[in-house]
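Number of protein chains: 4
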Amino acid sequence: MAAPLRIAVAGVGNNISALLQGIHLYRQMAATDSAVPLPGVTRPVIDGIGVGDVDIVAAFDVNPEKVGEDLANSVFTEPNNYPRLDVSVPEQGVVVSQGLGAEGCDQRGVVRVIADSGAEVLLYSLPTGLQWAVDAYARAALSAGTGFVNCTPEVAARSPELRAEFERTGLPIVGDDLASHLGASVVHRALLQLCVERGITLDSSYQLNFGGNEDFRNLRDHGASKKQSKLNALAQGELPYGTVEIIPSAGHIVQLADRKVAVLNIKGRGWGGTPVSLDVKLEVQDSSNAAGVIIDLVRIAGACRRSGIGGFPLAASSCLKSPGVQPAISTGHDVATSAYDTGRLVEPRR
Amino acid sequence: MAAPLRIAVAGVGNNISALLQGIHLYRQMAATDSAVPLPGVTRPVIDGIGVGDVDIVAAFDVNPEKVGEDLANSVFTEPNNYPRLDVSVPEQGVVVSQGLGAEGCDQRGVVRVIADSGAEVLLYSLPTGLQWAVDAYARAALSAGTGFVNCTPEVAARSPELRAEFERTGLPIVGDDLASHLGASVVHRALLQLCVERGITLDSSYQLNFGGNEDFRNLRDHGASKKQSKLNALAQGELPYGTVEIIPSAGHIVQLADRKVAVLNIKGRGWGGTPVSLDVKLEVQDSSNAAGVIIDLVRIAGACRRSGIGGFPLAASSCLKSPGVQPAISTGHDVATSAYDTGRLVEPRR
Amino acid sequence: MAAPLRIAVAGVGNNISALLQGIHLYRQMAATDSAVPLPGVTRPVIDGIGVGDVDIVAAFDVNPEKVGEDLANSVFTEPNNYPRLDVSVPEQGVVVSQGLGAEGCDQRGVVRVIADSGAEVLLYSLPTGLQWAVDAYARAALSAGTGFVNCTPEVAARSPELRAEFERTGLPIVGDDLASHLGASVVHRALLQLCVERGITLDSSYQLNFGGNEDFRNLRDHGASKKQSKLNALAQGELPYGTVEIIPSAGHIVQLADRKVAVLNIKGRGWGGTPVSLDVKLEVQDSSNAAGVIIDLVRIAGACRRSGIGGFPLAASSCLKSPGVQPAISTGHDVATSAYDTGRLVEPRR
Amino acid sequence: MAAPLRIAVAGVGNNISALLQGIHLYRQMAATDSAVPLPGVTRPVIDGIGVGDVDIVAAFDVNPEKVGEDLANSVFTEPNNYPRLDVSVPEQGVVVSQGLGAEGCDQRGVVRVIADSGAEVLLYSLPTGLQWAVDAYARAALSAGTGFVNCTPEVAARSPELRAEFERTGLPIVGDDLASHLGASVVHRALLQLCVERGITLDSSYQLNFGGNEDFRNLRDHGASKKQSKLNALAQGELPYGTVEIIPSAGHIVQLADRKVAVLNIKGRGWGGTPVSLDVKLEVQDSSNAAGVIIDLVRIAGACRRSGIGGFPLAASSCLKSPGVQPAISTGHDVATSAYDTGRLVEPRR
């Protein structure tokens, strides 16, 4: 059993609410019955670090209602609307610090807070669209000597310069953009691949995503980077994706709160040219989808930093829409993982 | 280029209509532009036999409206309701013969017709539920010295005795039950596997199929063998399929004609135990789905007979719901195929 | 305020569980805040009788696990699987009696129990398909001097003889077959009417229902009366329903428990003959749907009996799939209601 | 039989393509068999004017590819993508004129073209969002002495000043915004009303619309007027529409061409507070939906002008999302119609 992993978080939104509550829920489940499979957990242990072995030791935000509060409270502050899980989250002894972009907050202060907390990894999870912020926090991670995980479609791990700097300092940089745990992209790709594999001639396909959290409001206007990132995700499987249209945020539907709905359609022709049609509706808890991937990415980043492996770890590819480096062959989950560590870091699922 | 494959067919229903029309359509397409990909065709060439290189040289049925007519007419006789494709099918010079079960038709007569036609493979495609007929036609194939392909869920290739006899005589026996080309089972399995792979705890799932051809009327009453066969199909991927309910024929909806609709639902829990829900509607041309698989199975059977390989060919596994022998490892299409012929018989898709 | 209505029930299935729990829930809600609208209640008060003013004073069943138990317990006995609502149901002081069809139970005994209980209405809610039981309980109601409500598609109120006898004795007979509160039939009819009203030429339509309670298992085999009843329901609006196919039980999906799912499709042609297509998925609590209608029917029956109005009350038409008498004009809910009582019995919704 | 109705059109987009082709198709159908019901036609004859009795005698557009061409060709010019119906449209002898907003085109010129053509009604059907253009063309109609029909959500018939001017000159003004013939609004309203009628407590509802014609590209940016107009349409039925979210253009999906898809969801609670859920997918030919309503509106406007009835005709209300005047009672289609003409102008559907 390895030591618990210490992480800092930039942005205290729904993703962090899901992550923090989930970690406590799984600790509780493990305490009562360790044989029960953990829902939504793909890899229970990575390099000796279990899902309950992650501690958030520092946090940054610019919302005045969140700053200065204990993390256990601020994850429930509006506009956060991730539901309360069936677990009580005790005060964490971690007060949310002023984040970059707010008045009176400079880069050096942020670096000091991260370093003082003993964090091994900095998790970047701010709203989509703030390229300057990703850059600034990535450099703060370099200065503080932590790994960096970018949850957003902004360019970080894909930047050759940035990746080179992390490589040089022996620090991991993981990104960009989370491949939802079970999201529209992964379902869409699986079905498109199935069609291609079966010799179906694709005529057209669309994917619309909508939901009620801030991300969907934000994406209506800043959807370009996200759309490209989603197309990248589909392209991993070498699909004829010119016929595919994707709308990352088709609407901000307040009533859905943190629920996300995706509507997919695939039209094609099979034997004799006769039509084939597939309609899918997927409904998930948006930030649960994110947290189920984040938990793997921070542990991969943590494991790399502990082993002194800098740059982009290939093992993270399958968890990302626009990975820093495309694996040589990508036939999905398993290959990408094995490309990383040939069995050393990632224990098989129970 | 190998010689064209000669096949006999037992049952002149929608499947044969789709097969015959499709073969002529693809010949036409190949004649005009050989570079155009053929819709619905997974493997353009198997052991030198293209999709247009299959000739139906004998046919059996018990419907008096079909018997005595040229095959090119009888495929359009009611209750057949597969649509007319955009190709003209010339008279075949093949008159439909009286099939087993009809008065004045004995096994020896059937064997003689098959043998006289020079058929290399006998394709069995009668309505579901007639175990005696599968047995009788399989023995006719043995006597006539042809390979045998069973499209129905009745037991043929799964019967150890029958398989042994085919093995002994160096004839292939392929079955049982077609895995639709792009059908509910294959989509359902892909999505369930995705959920399991992503750590989603499955709570429940259902699959309902309905359509307007005779098969759906018939299956309302004789659905037991079909249901087990469909569960076999899902089980190939080692799924927790106890939570899955399948209704092979939820209804005979005349208005759908040969169209088939499947409705799927998957419910589970992801990170933090939050709910995940997937709804799918798949609409396909039922007999096109069958023909897209039959074209591969008859060519695999033909290739085996020409090479003197008897018994059940593993290469056929991925095209079947209840294959005669389960491949050692089954991770889908590719492995099952390569297990057969390591590249000799199956050319890659263009 | 009228006196509470006393009813007897034949069959202690999910419908009675929903009815009993709902009545207690609404009493609780009324006690805390009388201004809150009651979910699922169309007419809060009928002839002075509120939804909380209904008492079940006698009950019959043949399940040995239910007979002899207090009603408050037997509603939760398997195979009942209606969920427990957020209300505690106290012991009712009503022990479930042996029902007709069980050994040692004769008609006279049943009549005596009903008469002794002071019931004003007998509610018949046994599984579909038992025509003999509907007849027997209807005659028991006549003998005991109570009104009669038939929840099933079996013939009772539609029988001219039976209706005449109830009319002669000044007792109401209400049936047949519940129009679900918000069920597939009512949604299907609304959408078909809309299409017709808008000049859409209907090409075809289907409706499939499936669920996990005993009714769906039962209906797979005894669906004929139900299917006709559902077509009757659609026909109330003079639709071109020859193109419509209905499957009352497309499958018994245990995992759905008392949930019911209906899948509808409508295909037609609009301006210029261009295609129009509508797909609907409706998911409801099956027995809640029943209880929301039963609460109206027993109060209408109760009000009629108190007023000495015998036979079939037109006011009940809109709550039934196959009403005893078709109202002269039927343009839905409002007309049917007003035909009954021109405002005296039915207070408007708050 | 009245004289054919002469109309001028501002904007030669998909709506006009659908209108022109449809008129010719119905003329053809009527010529071959007058007893066949016309698909998508709600009122075959209005005030003696049949659907085939409408002639387009003048047309305006600013697209240089359309201007100067015969109308029969310009309706097929890109970006128009309404399909070609199964009818040949002869040259109309009507050349598309330069429209307002283009250089070298002034209001007086437009008025002269309209007046010279003998048009009785001017149909405004430009892209959404051009308030100045609606104003200008409405004033051109006043000057030329024609009625005016506004297909867009821009304010015209709702403007008290404009309405008063039309009233004063005895000319009809009809608008604003077409209630699709069978569109998302009308289906959504029908289902919400059904829920309310049945006592379902609405928790939330959403409606997303997407499609592939120019309107959907345009609406992504200018959706505000459209959204309000769609909420107006729902509000006609006094619904608790605060819980309803509508996205007029959730995405511009090029592959859909002139097809429009709407996705609706309704969530509520029924008896006992148990959940009710409705999912709908509606797919229609967008401009057919428009043409099916336009054909009524221009005939109503024509009939009014011929009778000297100025201002907003109530009979048009049910065809509009934001009618100039709300009818006193609005229980849908029939009342609104009868409010207009008590049977004189509108013959019943065959």
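Residue numbers (our numbering), protein chains in the order written: chain C, 1 to 350; chain R, 1001 to 1350; chain Y, 2001 to 2350; chain E, 3001 to 3350.
Each residue gets a CB set at the ideal place from its N, CA and C atoms; glycine is no exception.
Backbone CA spacing between R:Ala1328 and R:Cys1304 [nearest angstrom]: Position 328 of the second sequence, counted from the first residue, corresponds to residue 1328 of chain R. Position 304 of the second sequence, counted from the first residue, corresponds to residue 1304 of chain R. Unreliable placement is indicated for R:Ala1328, whose pLDDT of 46 sits below 50; the coordinate value is still reported in the next sentence. Their Cα atoms are separated by approximately 20 Å.
Going by the CB atoms, is the gap between R:Ile1007 and R:Val1054 shorter than 9 Å? Taking the first residue of the second sequence as position 1, residue 1054 of chain R is located at position 54. Taking the first residue of the second sequence as position 1, residue 1007 of chain R is located at position 7. Cβ atoms of R:Val1054 and R:Ile1007: closer than 9 Å.
Fill in: Near-chain C residues of the stretch 1271-1282 of chain R - C-beta to any C-beta below 9 Å
Residues of the stretch 1271-1282 of chain R with a C-beta atom less than 9 Å from some C-beta of chain C are Trp1271, Gly1272, Gly1273, Thr1274, Pro1275, Val1276, Ser1277, Leu1278, Asp1279, Val1280, Lys1281 and Leu1282, listed in chain order.
TODO: Measure the CB-CB distance between C:Gly324 and C:Ala157 and report whether it falls below 9 Å.
DONE: To locate residue 324 of chain C, count along the first sequence from 1; it is residue 324. To locate residue 157 of chain C, count along the first sequence from 1; it is residue 157. Against a cut-off of 9 Å, the Cβ pair of C:Ala157 and C:Gly324 comes out as a contact.
How big is the Cα-Cα spacing for E:Lys3281 and E:His3188?
Taking the fourth sequence and counting its residues from 1, the one referred to as residue 3281 of chain E is at position 281. Taking the fourth sequence and counting its residues from 1, the one referred to as residue 3188 of chain E is at position 188. Looking at the two C-alpha atoms, the distance is approximately 11 Å.
Quiz item: Could you give the C-beta distance for Y:Ile2360 and Y:Val2094, rounded to a whole number, given that I count them as a contact under 8 Å?
Solution: A query on residue 2360 of chain Y cannot be resolved here, the shown segment of chain Y reaching from 2001 to 2350 and no further.
Point to revise | Terminal residues of the alpha helix (DSSP H) in which E:Gly3292 lies | key: Within the fourth sequence, numbered from 1, the residue matching residue 3292 of chain E stands at position 292. Bounds of the alpha helix (DSSP H) holding E:Gly3292 are Asp3286 to Ser3307.
Would you kindly work out how many angstroms separate the C-alpha atoms of R:Ala1430 and R:Leu1314, rounded to a whole number?
-> Residue 1430 of chain R cannot be examined here, being either before or after the span of chain R that is shown, 1001 to 1350.
Using a Cβ-Cβ cut-off of less than 7 Å, give me the residues of the stretch 203-217 of chain C that come near chain E, in sequence order.
Of all residues in the stretch 203-217 of chain C, Ser204, Tyr206, Leu208 and Phe210 have a Cβ within less than 7 Å of some Cβ in chain E.
| query | Hey, how far is the Cα of C:Glu161 from the Cα of C:Phe148? | reply | Here residue 161 of chain C is taken as the residue at index 161 of the first sequence, counted from 1. Here residue 148 of chain C is taken as the residue at index 148 of the first sequence, counted from 1. Roughly 15 Å separates the two Cα atoms.
> Name the chain E residues that come within less than 8 Å of C:Ala250, Cβ to Cβ?
Replying inline: The residue labelled residue 250 of chain C in the question sits at position 250 within the first sequence. Within 8 Å Cβ-Cβ: Leu3208, Phe3210, Ile3247, Ala3250 and Gly3251.
Best match in R:Gly1310, R:Leu1085, R:Gln1326 and R:Ile1300 for proximity to R:Leu1005 [C-alpha to C-alpha]: As a working note, residue 1005 of chain R is residue 5 in the second sequence. For R:Leu1005, the nearest C-alpha among the options comes from R:Ile1300.
Excluding the five sequence neighbours on either side, which residues of its own chain have a C-beta within less than 8 Å of the C-beta of C:Ile114, listed in chain order? Position 114 of the first sequence, counted from the start, is the residue given in the question as residue 114 of chain C. Hits under 8 Å: Ala8, Ala58, Leu122, Ala140, Ala141, Ala144 and Thr146.
Measure from the C-beta of E:Ala3018 to each C-beta in chain Y and report whether the shortest distance is under 9 Å.
-> Indexing the fourth sequence from 1 puts residue 3018 of chain E at position 18. So yes, E:Ala3018 belongs to the interface.
*Name the chain R residues that come within less than 7 Å of C:Ser288, Cβ to Cβ?*
The residue given as residue 288 of chain C occupies position 288 in the first sequence. By Cβ distance, chain R contributes Gly1270, Trp1271, Gly1272 and Thr1274.
TODO: Would you decide whether Y:Thr2201 is buried or exposed? Buried here means 16 or more other CB atoms lie within 10 Å of its CB.
DONE: Position 201 of the third sequence holds residue 2201 of chain Y. With 16 or more Cβ atoms within 10 Å of its Cβ, Y:Thr2201 is classed as buried.
Let me see if you follow: with CB-CB separation under 9 Å, is Y:Ile2046 close to chain E or not?
Looking up residue 2046 of chain Y in the third sequence gives position 46. No, no contact with chain E.
By the 10 Å Cβ neighbour count, where 16 or more other Cβ atoms means buried, how is E:Gly3272 classified, buried or exposed? Sequence index remark: in the fourth sequence, residue 3272 of chain E carries index 272 (1-based). Counting the other Cβ atoms within 10 Å of the Cβ of E:Gly3272 gives 16 or more, which makes it buried.
Exercise. Do the CB positions of Y:Gly2013 and Y:Ser2288 come within less than 9 Å of each other?
Worked result: The sequence position of residue 2013 of chain Y within the third sequence is 13, counting from 1. The sequence position of residue 2288 of chain Y within the third sequence is 288, counting from 1. No, the Cβ-Cβ distance between Y:Gly2013 and Y:Ser2288 is not below 9 Å.
Cα-Cα separation between E:Ala3072 and Y:Phe2210, rounded to whole angstroms:
Residue numbering aside, residue 3072 of chain E sits at position 72 when the fourth sequence is read from its first letter. Residue numbering aside, residue 2210 of chain Y sits at position 210 when the third sequence is read from its first letter. A straight-line Cα-Cα distance of about 51 Å links E:Ala3072 and Y:Phe2210.
**Asked** What is the C-beta distance between C:Gly109 and C:Ala133, in whole angstroms, given that I count them as a contact (C-beta under 8 Å)?
**Response** Along the first sequence, read from residue 1 onward, the residue named residue 109 of chain C stands at position 109. Along the first sequence, read from residue 1 onward, the residue named residue 133 of chain C stands at position 133. That pair is no contact at about 15 Å.
- Task: Check the Cβ-Cβ distances between E:Thr2947 and every residue of chain C, and say whether any is below 9 Å.
- Result: Within the shown structure, residues of chain E are numbered from 3001 to 3350, placing residue 2947 of chain E beyond reach of any answer.
For chain R, is any of its Cβ atoms less than 9 Å away from the one on C:Pro313? The residue labelled residue 313 of chain C in the question sits at position 313 within the first sequence. For C:Pro313, no Cβ of chain R is located within less than 9 Å of the residue's own Cβ.
Mind listing the chain B neighbours of R:Thr1201? Cutoff is C-beta to C-beta under 8 Å, in chain order. No chain B is present in this structure, whose protein chains are C, R, Y and E.
Any idea what DSSP makes of E:Val3155, helix, strand or coil?
-> Position 155 of the fourth sequence, counted from the first residue, corresponds to residue 3155 of chain E. E:Val3155 falls in the coil class under three-state DSSP.
Can you check which of these residues, Y:Thr2152, Y:Val2045, Y:Ile2023 and Y:Gly2040, is closest to Y:Pro2090 by C-alpha distance?
Taking the first residue of the third sequence as position 1, residue 2090 of chain Y is located at position 90. Considering only Y:Thr2152, Y:Val2045, Y:Ile2023 and Y:Gly2040, the residue with the shortest C-alpha distance to Y:Pro2090 is Y:Ile2023.
*R:Gly1251 and R:Asn1081: beta carbons closer than 9 Å?*
As a position in the second sequence, residue 1251 of chain R is number 251, starting the count at 1. As a position in the second sequence, residue 1081 of chain R is number 81, starting the count at 1. No, the pair does not count as a contact, with Cβ atoms beyond the cut-off.
Q) Which value, in whole angstroms, describes the spacing of the CA atoms of E:Leu3320 and E:Ser3185? A) If you number the fourth sequence from 1, residue 3320 of chain E lands on position 320. If you number the fourth sequence from 1, residue 3185 of chain E lands on position 185. Whole-angstrom Cα-Cα distance: 11 Å.
Kindly indicate the opening and closing residues of the beta strand (DSSP E) around Y:Leu2351. Missing from the structure shown is residue 2351 of chain Y; chain Y here goes from 2001 to 2350 and no further.
(request) Per DSSP, which residues does R:Arg1259 bridge with? Please list them. (result) Position 259 of the second sequence, counted from the first residue, corresponds to residue 1259 of chain R. Partner(s): R:Gln1285.
Inset, instruction - Step through the CB atoms of chain C and report whether any lies within less than 9 Å of the CB of E:Ile3329. - result: Position 329 of the fourth sequence, counted from the first residue, corresponds to residue 3329 of chain E. Any reading at E:Ile3329 must be qualified, since the residue scores a pLDDT of 36, below 50, and its modelled position is unreliable; the value itself is stated next. Contact with chain C is absent for E:Ile3329, since none of that chain's Cβ atoms lies less than 9 Å from the residue's Cβ.
>> Please tell me whether C:Gly170 and C:Gly292 are closer than 9 Å, where the distance is taken between their beta carbons.
In response: By 1-based counting over the first sequence, the position of residue 170 of chain C is 170. By 1-based counting over the first sequence, the position of residue 292 of chain C is 292. The beta carbons of C:Gly170 and C:Gly292 sit no closer together than 9 Å.
>> Assuming contact is defined by CB atoms lying nearer than 9 Å, are E:Thr3243 and E:Asp3296 in contact in what I supplied?
In response: Here residue 3243 of chain E corresponds to residue number 243 of the fourth sequence, with the count starting at 1. Here residue 3296 of chain E corresponds to residue number 296 of the fourth sequence, with the count starting at 1. No, they are not a contact pair.
**Asked** In chain order, what residues of the same chain lie with their CB nearer than 6 Å to the CB of C:Ala18, ignoring the 5 residues before and after it?
**Response** Walking along the first sequence from the start, residue 18 of chain C turns up at place 18. So the list reads Tyr82, Ser287, Ser288 and Ala291, once near-sequence residues are dropped.
Separation of E:Gln3193 from Y:Ala2031, as counted between CA atoms: Position 31 of the third sequence, counted from the first residue, corresponds to residue 2031 of chain Y. Position 193 of the fourth sequence, counted from the first residue, corresponds to residue 3193 of chain E. For Y:Ala2031 and E:Gln3193, the distance between alpha carbons rounds to 29 Å.
- Message: I'd like to know if C:Leu126 contacts chain E, where contact means its C-beta is closer than 9 Å to some C-beta of that chain.
- Response: Working through the first sequence from its first residue, we reach residue 126 of chain C at position 126. With 9 Å as the cut-off, C:Leu126 does not count as an interface residue toward chain E.
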